[in-house]
Every structure is written in structure tokens, then in C-alpha cells.
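The structure appears below as C-alpha cells.
2 protein chains.
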Amino acid sequence: MNKSLDELVNELKKKNIRLTHQRLKVLEYLTNNKNHPTVDQIYRALKEEVPSLSKTTIYNTLNYLSELKLIQVITIEDKEARFDADTKTHGHFKCKSCGEIYDFDIDIDLSTNNLENFKIEEKIVYFKGVCPRCLSKINNN
Amino acid sequence: MNKSLDELVNELKKKNIRLTHQRLKVLEYLTNNKNHPTVDQIYRALKEEVPSLSKTTIYNTLNYLSELKLIQVITIEDKEARFDADTKTHGHFKCKSCGEIYDFDIDIDLSTNNLENFKIEEKIVYFKGVCPRCLSKINNN
DNA sequence: TTCCTACTTTGTATTAATTACAAACTAATT
DNA sequence: AATTAGTTTGTAATTAATACAAAGTAGGAA
Numbered sequence: 001m002n003k004s005l006d007e008l009v010n011e012l013k014k015k016n017i018r019l020t021h022q023r024l025k026v027l028e029y030l031t032n033n034k035n036h037p038t039v040d041q042i043y044r045a046l047k048e049e050v051p052s053l054s055k056t057t058i059y060n061t062l063n064y065l066s067e068l069k070l071i072q073v074i075t076i077e078d079k080e081a082r083f084d085a086d087t088k089t090h091g092h093f094k095c096k097s098c099g100e101i102y103d104f105d106i107d108i109d110l111s112t113n114n115l116e117n118f119k120i121e122e123k124i125v126y127f128k129g130v131c132p133r134c135l136s137k138i139n140n141n
Numbered sequence: 142m143n144k145s146l147d148e149l150v151n152e153l154k155k156k157n158i159r160l161t162h163q164r165l166k167v168l169e170y171l172t173n174n175k176n177h178p179t180v181d182q183i184y185r186a187l188k189e190e191v192p193s194l195s196k197t198t199i200y201n202t203l204n205y206l207s208e209l210k211l212i213q214v215i216t217i218e219d220k221e222a223r224f225d226a227d228t229k230t231h232g233h234f235k236c237k238s239c240g241e242i243y244d245f246d247i248d249i250d251l252s253t254n255n256l257e258n259f260k261i262e263e264k265i266v267y268f269k270g271v272c273p274r275c276l277s278k279i280n281n282n
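Taken in sequence, the protein lines are chains A and B. Using this note's numbering, count along the first sequence one by one with no gaps and you end on 141. Using this note's numbering, count along the second sequence one by one with no gaps and you end on 282.
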């Protein structure tokens with residue numbers, strides 16, 4: 001689902017999860033910035049508004065929210081984790097040229113494999129290549 | 142492709158890649174152990190036969206071989222990279238209960254998404270859940 | 001409103017995978 | 001056998017992420 005901030009806040013309230021200023025800010029940032037930010041990006045952006053903010057809090061909050069399935073972790077980069085407020089199953093495409101990460105729909109049924117007796121709980125799909133913008137740049141040179 | 146050690150060695154020779162004892166041992170280990178080992182597992186296994194072996198060499202070799210597309214890196218675990226001598230596009234299923242990683246075929250065409258103008262070079266598919274062995278254990282308790 | 005307490009935040013220290021680097025070594029050719 | 005470009009090795013550095021304990025606070029109780 002692509003939930004609004006209000007919907008997310010209501011889910012937290014329903015689950016009796018303490019609604020701290022920091023958690024609200026992180027959720028707000030993620031719902032407003034769908035560009036799959038890293039911990040460091042979130043930290044640097046929020047540090048201005050919340051000067052006391054600690055990176056550990058960002059880690060705590062993001063880990064907690066992803067346990068609660070309110071956000072999604074993306075590890076398409078080997079090094080740094082990225083985060084996505086959109087928790088529906090969808091693919092991520094990483095452009096090897098500009099580094100941008102694009103969402104894409106997985107409209108086919110991925111479950112028809114040789115995994116008959118497996119209980120599938122998560123489907124993670126990452127594609128890598130070159131995005132249209134970078135392709136057109138290359139072609140115009 | 143699921144290549145034999147000989148085939149891999151021939152590919153290295155063809156590409157004029159220096160055939161060191163260490164590289165051969167790493168390739169040999171990967172072709173004999175299809176259980177997606179980590180750097181540390183490879184290191185500990187080969188250290189006995191090649192006492193001088195350094196972990197940096199393992200990293201160097203694995204990075205080099207994956208650049209050459211002779212092996213595949215699996216980052217289904219956030220922490221540690223795993224390696225696979227099978228370079229054909231296939232999925233990896235991780236059992237959340239026992240940690241085992243299973244290969245599975247991707248027999249459907251994954252390219253029919255909203256990625257019309259993208260140049261797709263790599264398709265990475267990770268599923269997570271519970272494997273049949275663990276499921277039957279749970280059911281028998 | 002004030003108090004209380006369990007939960008949260010924060011900063012620092014630590015962990016652990018990976019990379020950087022330079023000196024010693026070696027595969028493959030001359 | 002000599003040469004050399006490329007490789008291995010060990011140590012040090014990097015860096016994302018976690019552990020931990022002290023200080024702070026949300027939210028309910030009195």
C-alpha cells in the first residue's frame with residue numbers, strides 16, 4: 001500500500017506504539033521522499049529540524065518500522081540499506097550509470113517456480129542496468 | 142551456465158588471466174560447493190590446504206571473478222556476501238528458520254513490466270520464507 | 001496538573017565485513 | 001635463468017550497523 005502519513009500514524013496508534021517526535025519525522029520524511037533514501041540521507045535531512053537527533057534513533061526507528069511491516073528495506077546496494085514507505089511487493093531497478101533507483105510493477109505471478117512446498121513470505125526483485133535518461137545521453141554523444 | 146572446473150580454467154586461459162594456485166583453489170571450491178558459501182567459509186576451508194592463504198586474496202579473487210562474470214554474488218543476507226559458481230539467472234530462496242539458501246528456476250519472463258525503455262542487464266530475485274523441511278518440523282510438534 | 005514508569009533517545013564504544021596499501025612473491029614469457 | 005607485470009599477503013583503515021547505559025519523555029494514573 002502507498003499509505004499517507006495520517007494512515008501510518010493511525011496504525012501506530014492502533015498498535016499502541018509510542019508516537020515520538022522522532023518517529024513522526026522519520027515517517028513523514030519517508031512518505032514525502034519516495035526516492036529510497038539511505039539512513040545517512042534521512043539523518044542529514046532531519047538533523048536541521050531536530051538538532052538533537054541521533055543516528056542510532058534513525059536505525060532504531062527504521063528497524064522497528066520494518067519489523068512492523070510499515071516500511072520496506074531495500075538492499076540493492078551491497079553497502080548501505082535504503083528504505084521505502086511503499087510496502088507492497090514491487091521491483092527496484094538500479095541504473096548502473098546514474099545510480100538512481102526506480103520502482104516497477106511486478107504484474108506477473110512470480111510464484112510458479114519449483115518451490116511447491118515452500119512457504120513464500122517475501123518476494124524481492126532487483127533489476128540492474130541503464131535507465132532511459134542515461135541511455136539517451138549515451139546515444140546523443 | 143553450470144560450468145565444470147575445467148571449463149572455467151579454460152575461460153581464464155582464453156582471457157589471459159594468470160592461473161594462480163589460489164585462484165584455482167577458490168574456483169575449485171566454488172564448483173564443488175554449491176551451497177553459496179561466504180568469504181569466511183571459503184577462507185576457513187582453503188586455509189588448511191593453503192596455509193599461507195590470506196582473506197584479502199579471497200576477496201580479490203572473488204571480486205575479480207565476478208567482474209569477469211565467471212561467478213555470481215548473492216547479497217540475500219544484509220551482512221555477508223555469498224558466492225555462486227552458477228552464473229545463469231536464477232532465484233535464491235532463504236529459509237528464515239534454518240538459514241539455508243535454495244536455488245530455484247525463474248521460468249517466467251520477468252521482462253514484461255513497466256520498464257519499456259530500460260536496458261536490463263541483471264535480474265536478481267530473492268524469496269524468503271520457510272523451507273519444506275522446517276515446515277514439516279513445525280507441523281510435527 | 002503532577003507524578004510515575006516503561007519505553008525511547010542519545011552519544012559513545014564496539015563489532016564486523018570489506019577495502020587500501022605496500023612489501024614480498026611468482027607465473028609466464030624472454 | 002632473468003625479467004617483469006601482475007598477484008598475494010598482512011596490517012591498517014574504513015564504514016555501516018549494533019550494543020549499551022545514562023538521560024529524557026510520552027502517556028496514563030492519581
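Even for Gly, the Cβ is constructed at its ideal location relative to N, Cα and C.
request  = Compare the beta carbon distance of L70 (chain A) and T87 (chain A) with 8 Å and say whether it is the shorter of the two.
outcome  = As a working note, residue 70 (chain A) is residue 70 in the first sequence. As a working note, residue 87 (chain A) is residue 87 in the first sequence. Going by C-beta atoms, L70 (chain A) is nearer than 8 Å to T87 (chain A).
key: Enclosing beta strand (DSSP E) for R159 (chain B) [first to last residue]   = As a position in the second sequence, residue 159 (chain B) is number 18, starting the count at 1. R159 (chain B) -> no beta strand (DSSP E), and no H or E assigned at all.
query = Between which two residues does the alpha helix (DSSP H) carrying D103 (chain A) extend?
reply = Translated into the one-based positions of the first sequence, residue 103 (chain A) becomes position 103. Segment I101 to F104 is the beta strand (DSSP E) holding D103 (chain A); no alpha helix (DSSP H) there.
ask   = For D225 (chain B), which of helix, strand or coil comes out of DSSP?
value = For the purposes of this step, residue 225 (chain B) is taken as residue 84 along the second sequence, with counting starting at 1. Looking at D225 (chain B) - three-state DSSP - the assignment turns out to be strand.
query = For C275 (chain B), which three-state DSSP category applies?
reply = As a first step, residue 275 (chain B) is located in the second sequence; it is residue number 134 there, counting from the start. Residue state, collapsed to three classes: helix.
request  = With V214 (chain B) as the anchor, note down where its beta strand (DSSP E) starts and where it stops.
outcome  = Position 73 of the second sequence, counted from the first residue, corresponds to residue 214 (chain B). Counting along the chain, the beta strand (DSSP E) containing V214 (chain B) begins and ends at Q213 to I215.
CA nearest to the CA of L90 (chain A), picked from A:Y29, A:G129, A:Y102 and A:K79 = As a first step, residue 90 (chain A) must be located in the first sequence, where it is residue number 90. Sequence inspection shows His at residue 90 (chain A); the Leu mentioned does not correspond to that position. H90 (chain A) has its Cα closest to that of A:Y102, out of A:Y29, A:G129, A:Y102 and A:K79.
request  = Name the two residues that bound the continuous alpha helix (DSSP H) containing K94 (chain A).
outcome  = Indexing the first sequence from 1 puts residue 94 (chain A) at position 94. Note, K94 (chain A): premise wrong, no alpha helix (DSSP H); beta strand (DSSP E) at G91 to C95.
request  = For P273 (chain B), return the contacting residues in chain A, with the cut-off set at a CB-CB distance below 8 Å.
outcome  = Looking up residue 273 (chain B) in the second sequence gives position 132. Within 8 Å Cβ-Cβ: N117 and F118.
query = Could you give the distance in angstroms between the alpha-carbon of P51 (chain A) and the alpha-carbon of K166 (chain B)?
reply = Reading the first sequence from its first residue, position 51 is the one you call residue 51 (chain A). Reading the second sequence from its first residue, position 25 is the one you call residue 166 (chain B). Using only the alpha carbons, I get a separation of about 53 Å.
inquiry  = Taking CB distances under 8 Å as the criterion, tell me whether N33 (chain A) reaches chain B.
reply    = Here residue 33 (chain A) refers to the residue found at position 33 when the first sequence is read from its first residue. For N33 (chain A), the answer is no, since every Cβ of chain B falls outside 8 Å of its Cβ.
ask   = Under 8 Å between the Cβ atoms of F245 (chain B) and L171 (chain B)?
value = Within the second sequence, numbered from 1, the residue matching residue 245 (chain B) stands at position 104. Within the second sequence, numbered from 1, the residue matching residue 171 (chain B) stands at position 30. No, the pair does not count as a contact, with Cβ atoms beyond the cut-off.
Inter-stretch contact at 8 Å, needing at least 3 Cβ pairs: the region 113-133 of chain A / the region 33-48 of chain A = no
task = Give a yes or no on whether the minimum CB-CB distance between I265 (chain B) and chain A is below 8 Å.
result = The residue given as residue 265 (chain B) occupies position 124 in the second sequence. It does: the Cβ of I265 (chain B) has a partner Cβ on chain A nearer than 8 Å.
For V39 (chain A), the first and last residue of its enclosing alpha helix (DSSP H) = Residue numbering aside, residue 39 (chain A) sits at position 39 when the first sequence is read from its first letter. Taken as a continuous stretch (DSSP letters only), the alpha helix (DSSP H) holding V39 (chain A) covers V39 to E49.
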